[in-house]
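Chains as they are written, first to last, in my numbering: chain A, 1 to 112; chain B, 113 to 226. Each residue gets a CB set at the ideal place from its N, CA and C atoms; glycine is no exception. Every value quoted in this text rests on a predicted model; they were computed, and no experiment measured them.
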Amino acid sequence: GDSVTQTEGQVALSEEDFLTIHCNYSASGYPALFWYVQYPGEGPQFLFRASRDKEKGSSRGFEATYNKETTSFHLQKASVQESDSAVYYCALADTNAYKVIFGKGTHLHVLP
Amino acid sequence: DAGVTQTPRHEVAEKGQTIILKCEPVSGHNDLFWYRQTKIQGLELLSYFRSKSLMEDGGAFKDRFKAEMLNSSFSTLKIQPTEPKDSAVYLCASSLEGSGNTLYFGEGSRLIVV
């Protein structure tokens, strides 16, 4: 079945560091790909999406590019802030079944 | 507009009890999802409804978990009987068909089974 793999369970950075969180997927066809962010005590919030090869999604300084060749959608940010500390989830939407499948999440800690 | 509303926010149950979690989706949304969230497994899909029809019945979760959508603005998730391994946060999300599957989540119901 379809799946999403996030290789980092936790990432610790200092403010102004460059961020990369890796996301790889396994699915047939062209699934839509997403990033969500979750703050403590809240549900996940939609960050952005991309629907086709080489499309870049972005929001709040975060960005990711859909890469069908490498089946990846890695999240990046040039300069993180302490307020970016949260759990980040990569997800895909199966275009046939419409359901949304999430990776296990990456906990980002940004130290002041 | 009101977002997704989940009740209760916290529940403590004894092993073997029946618990019912409730969800009100965003008004006008016709897709509704139930997820279980744990630190080890992350977000696992339990059930998925489109226009009140059950599209995904949870696979491995079928035997003790039952989700229902009684009308377009209310859904329940029943766990019967509860086991300690069911301790988790249960999240409800909704989306508008044709919106590209962008999900709006509630704040979740934290269940502890002792």
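Boundaries of the beta strand (DSSP E) in which residue i is found, first to last residue
i: Leu148/B; result: The question names Leu, but residue 148/B is Arg in the sequence shown. Unbroken beta strand (DSSP E) run through Arg148/B: 143 to 150.
i: Leu157/B; result: 154 to 162
i: Arg222/B; result: 221 to 225
i: Lys134/B; result: 131 to 136
i: Arg176/B; result: Looking at the DSSP string, Arg176/B is not in any beta strand (DSSP E), and its letter there is neither H nor E.
i: Gln118/B; result: 117 to 119
i: Gly57/A; result: 56 to 59
i: Lys77/A; result: 75 to 77
i: Lys190/B; result: 186 to 191
i: Val201/B; result: 200 to 207
i: His109/A; result: 106 to 111
i: Leu33/A; result: 32 to 38
i: His122/B; result: 122 to 125
i: Arg49/A; result: 45 to 50
Any chain B beta carbon closer than 7 Å to residue i
i: Gly57/A; result: no
i: Gly105/A; result: yes
i: Lys54/A; result: no
i: Val100/A; result: yes
i: Ala32/A; result: yes
i: Ala78/A; result: no
i: Ala86/A; result: no
i: Ala93/A; result: yes
Contacts around residue i, its chain only, beta-carbon distance under 8 Å, and the 5 residues preceding and following it disregarded
i: Gly115/B; result: Val138, Tyr216, Gly218
i: Arg121/B; result: Glu219, Gly220, Ser221, Arg222
i: Thr130/B; result: Lys190, Ile191, Gln192, Pro193, Thr194
i: Ser85/A; result: Leu108, His109, Val110
i: Pro196/B; result: Lys127, Val225, Val226
i: Arg60/A; result: Leu47
i: Pro31/A; result: Asp2, Tyr25, Leu92, Ala93, Asp94, Thr95
Cutoff 7 Å: residue i Cβ touching any chain A Cβ
i: Tyr202/B; result: no
i: Glu219/B; result: yes
i: Thr150/B; result: no
i: Thr214/B; result: yes
i: Leu208/B; result: no
i: Glu168/B; result: yes
i: Leu158/B; result: no
i: Leu223/B; result: no
Own chain partners of residue i with C-beta closer than 6 Å, once the 5 adjacent residues on each side are dropped
i: Thr71/A; result: Asn24, Tyr25
i: Ser14/A; result: Leu111
i: Ala179/B; result: Trp146, Ser159, Leu189
i: Ser187/B; result: Cys135, Leu144, Met181
i: Glu55/A; result: Tyr66
i: Thr16/A; result: The sequence shown places Glu at residue 16/A, rather than the Thr named in the question. Closer than 6 Å at Cβ, skipping near neighbours: Ser79.
Same chain, Cβ closer than 7 Å to residue i, neighbours up to 5 away in sequence not counted
i: Gln58/A; result: It is worth fixing the name first, because residue 58/A is Ser in this sequence and not Gln. Cβ within range, chain order: Phe48.
i: Phe102/A; result: Val4, Tyr89, Ala91
i: Arg176/B; result: Ile191, Gln192, Pro193
Any 3 or more C-beta pairs closer than 8 Å across the region 30 to 50 of chain A and the region 7 to 16 of chain A: no
Contact between the region 187 to 203 of chain B and the region 138 to 150 of chain B (3+ Cβ pairs under 8 Å): yes
Residues from the region 40 to 52 of chain A in contact with chain B, defined by Cβ distance under 9 Å: Gly41, Glu42, Gly43, Pro44, Gln45, Phe46, Arg49, Ser51
Contact residues within the region 171 to 188 of chain B, judged by C-beta distance below 8 Å to chain A: none
Contact list for the region 118 to 147 of chain B against chain A, Cβ threshold 8 Å: Asp143, Phe145, Tyr147
Proximal residues, the region 3 to 19 of chain A versus chain B, C-beta separation under 8 Å: none
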